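Numbering (our numbering), first residue to last: 7 to 425. We put the beta carbon where it would ideally sit given N, CA and C, even for glycine. As the structure is a computational prediction, the values presented were derived from the model and not from experiment. Down below is the structure, laid out as structure tokens.
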RNA sequence: GGAGGCGUGGCUGAGCGGUUUAAAGCAGCAUCCUGCUAAGAUGUUGAGGGAGCAAUCCUUCCGAAGGUUCGAAUCCUUCCGCCUCCGCCA
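This is the structure in structure tokens:
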């Protein structure tokens, strides 16, 4: 949710941001008109209520009865206005930062750097699907029989690889002060809404909804970790509050028919280690860079080539002011020519989520009044397991069809190759 | 799933239809006192919205949303959360 005062004070700036995010600037005008009406009505009702109190104190019951009717009518009008005002406000996405490149869609994303040397295989690298089939590591056929398309059984040593990756992510983040956490994967509608993920019907179709419980399955643990501290006020010295969560993620992938239909690149269910930070507003840019640097460190530890993208305004999504994606190099894709595919993403959501979740912090400057303000929230992938498995399989494949495990994982694994 | 109980400020806790603009205590902060510390004294300490150049004023908030009433923390309805006992269960 955007800051109402900011919209009032600087509508042109907001409009510019909305347009960059592919949202009509007319909504801002609509909001301002409704807001003005709302303020008028609020004043009216405040005065009527003050009157009502006075009448009530001196037991002027008849007059109070009449006054009560006036209040009721005004309240009906206020509620109407408030509802429409809220609706528009909730629909407005977060403002992008100035250093998010302006662009309509993913073609506007900017490559910041490419890191790591793409392996020279000395043979034509295979698609991971071909490799896992020979080694019997993933079974999507039986998963389709049991669960439908876009599911998979992960088997054998690949399972151990998953847990090794999780352990590496946890250890790395814990060293930086992140608190490990396993969050609930079912969350209430209001929390999903507050995180900025179900504003439109389209969004709702992307998520699994449990009708009986009026709850959602999380698409990322961010949705469950963010609301943890809703309604709370942090002390300054508790920030930054950093979590590294591990959970299964559920996505309906309703809008991606026909895309990546084979294998486990795009599935309804996968596990993910996810970082989440609550921090002071002035420090969120720095925090964002920290999250990105941890993501990059993890990729470097595994020695997987990747590139970093600065996501453009049109591709940011609602809550983010700025977003970096990491795309891992997958040498077996594209018929052995290789391609980059997204494995990580980190967003600075500034106070957009905190505002709806009502998460604040108190800074106590000595001798001065303590200030209470919204925190900033950020999230970043540590490892999205399915896609990391793919990245490791394709980058570490050997001529004989075996997979040589990254050195950093061998201590966790107890073996050095899958064959 | 069955039965009962409970949600009040940073915390503890009174209030259960009208001086509650929420008592009291604790903790916090500021100042004073003191050689230092402790103790003590005094004052102060929430959030949202609106009006005003401002001092300030009005209003909302006692788990949430509705309702009853001239008047609700207090009564009613629904929901959410927590606790106790029973049942079931990894």
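Taking the alpha carbon of residue i as the reference point, which residue from the options has its own alpha carbon closest?
i, options, result
"residue 254", "266, 15 and 188", "188"
"residue 348", "59, 63 and 302", "302"
"residue 132", "402, 413 and 415", "402"
"residue 233", "219, 216, 202 and 260", "202"
"residue 354", "8, 77 and 102", "102"
"residue 26", "9, 110, 410 and 54", "110"
"residue 51", "165, 309, 83 and 159", "83"
"residue 237", "297, 143, 134 and 362", "362"
"residue 325", "99, 77 and 92", "99"
"residue 155", "90, 113, 272 and 357", "272"
"residue 345", "360, 396 and 327", "396"
"residue 235", "299, 383 and 142", "383"
"residue 179", "283, 311 and 195", "283"
"residue 269", "124, 393 and 175", "393"
"residue 247", "220, 297 and 266", "297"
"residue 10", "97, 135 and 79", "97"
"residue 357", "322, 421 and 290", "290"
"residue 104", "423, 340, 328 and 350", "328"
"residue 40", "263, 93 and 63", "93"
"residue 287", "55, 245, 300 and 261", "245"
"residue 77", "211, 59, 218 and 66", "59"
"residue 125", "334, 55, 173 and 183", "334"
"residue 127", "46, 410 and 147", "410"
"residue 274", "190, 150, 200 and 340", "150"
Please list the terminal residues of the continuous alpha helix (DSSP H) segment that includes residue i.
i, result
"residue 200", "195-200"
"residue 8", "Neither: residue 8 is in no alpha helix (DSSP H) and is coded neither H nor E."
"residue 358", "358-363"
"residue 152", "146-152"
"residue 313", "Looking at the DSSP string, residue 313 is not in any alpha helix (DSSP H); the run it does join, the beta strand (DSSP E), is 312-316."
"residue 18", "17-26"
"residue 62", "32-63"
"residue 134", "134-141"
"residue 392", "391-401"
"residue 172", "163-181"
What residues match up with residue i in a beta bridge as DSSP calls it?
i, result
"residue 222", "193 and 215"
"residue 335", "346"
"residue 253", "278"
"residue 186", "250"
"residue 285", "382"
"residue 87", "DSSP lists no partner for residue 87."
"residue 241", "368"
"residue 423", "410"
"residue 354", "328 and 384"
"residue 377", "369"
"residue 160", "144"
Among residues of its own chain, excluding the 5 on either side of residue i, which ones have a beta-carbon nearer than 7 Å to its beta-carbon?
i, result
"residue 214", "222, 223, 256 and 258"
"residue 17", "34 and 38"
"residue 31", "21, 24 and 25"
"residue 375", "Note on residue 375: pLDDT 44, under 50, position unreliable in the model; no value is reported."
"residue 118", "314, 315 and 316"
"residue 322", "27, 102, 106 and 329"
Using a Cβ-Cβ cut-off of 6 Å (strictly less than) and excluding sequence neighbours within five positions of residue i, which residues of its own chain qualify?
i, result
"residue 28", "320"
"residue 277", "254 and 391"
"residue 137", "399 and 403"
"residue 13", "20"
"residue 405", "129"
"residue 360", "380, 381 and 383"
"residue 415", "170"
"residue 163", "424"
By Cβ distance below 8 Å, which residues in the same chain neighbour residue i in space, the five residues on each side in sequence not counted?
i, result
"residue 280", "226, 227, 228, 231, 250, 251, 252, 253, 385, 386, 387 and 388"
"residue 373", "Note that residue 373 scores 39 on pLDDT, short of 50, meaning its location in the model is unreliable; the coordinates nonetheless yield the value given after this. Taken in chain order, the list of residues that qualify is empty."
"residue 44", "84, 87, 88 and 91"
"residue 121", "302, 305, 306, 311, 312, 313 and 314"
"residue 336", "134, 344, 345, 346, 347, 396, 397, 400 and 401"
"residue 267", "155 and 156"
"residue 300", "178, 179, 182, 281, 386 and 388"
Under 8 Å between the Cβ atoms of residue i and residue j?
i, j, result
"residue 332", "residue 106", "no"
"residue 88", "residue 73", "no"
"residue 308", "residue 398", "yes"
"residue 7", "residue 95", "yes"
"residue 367", "residue 185", "no"
"residue 432", "residue 295", "Only positions 7 to 425 of the chain appear in this structure, which leaves residue 432 out of reach."
"residue 418", "residue 170", "yes"
"residue 369", "residue 242", "yes"
"residue 192", "residue 216", "yes"
"residue 54", "residue 70", "no"
Taking the continuous beta strand (DSSP E) assigned at residue i, which residues delimit it?
i, result
"residue 120", "116-121"
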